[in-house]
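**Q**
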Amino acid sequence: MADQFDVTLEDPELLLEVELTTNLIVAASESEDHLSQEEIDRILGILP
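The UniProt record's numbering puts the sequence shown at residues 1 to 48.
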């Protein structure tokens, strides 16, 4: 009998969001001050 909870879940968009959020958390924890909007945009890959 197959286990209904034995499934592989992969959501590329969710993985990207997690990566971006992780990058922000790491940058914020390494910064001595608040991140500027420009720094946040750079980390998220937003072009000016």
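Don't be surprised by glycine CBs; every beta carbon is placed ideally from N, CA and C.
Small disclaimer: the values here were computed from a predicted structure and weren't measured.
1. May I have the straight-line CA-CA distance separating residue 38 from residue 47, to the nearest angstrom?
2. Taking DSSP as the reference, what is the three-state secondary structure of residue 48?
3. What is the residue span of the alpha helix (DSSP H) that residue 8 lies within?
4. Alpha carbon to alpha carbon, how far is residue 5 from residue 21?
**A** Quick look at the numbers:
1. The straight-line gap from Cα to Cα measures roughly 10 Å.
2. In the displayed model, residue 48 falls within coil according to three-state DSSP, outside both helix and strand.
3. Residue 8 -> no alpha helix (DSSP H), and no H or E assigned at all.
4. Residue 5 and residue 21 have their C-alpha atoms some 28 Å from each other.
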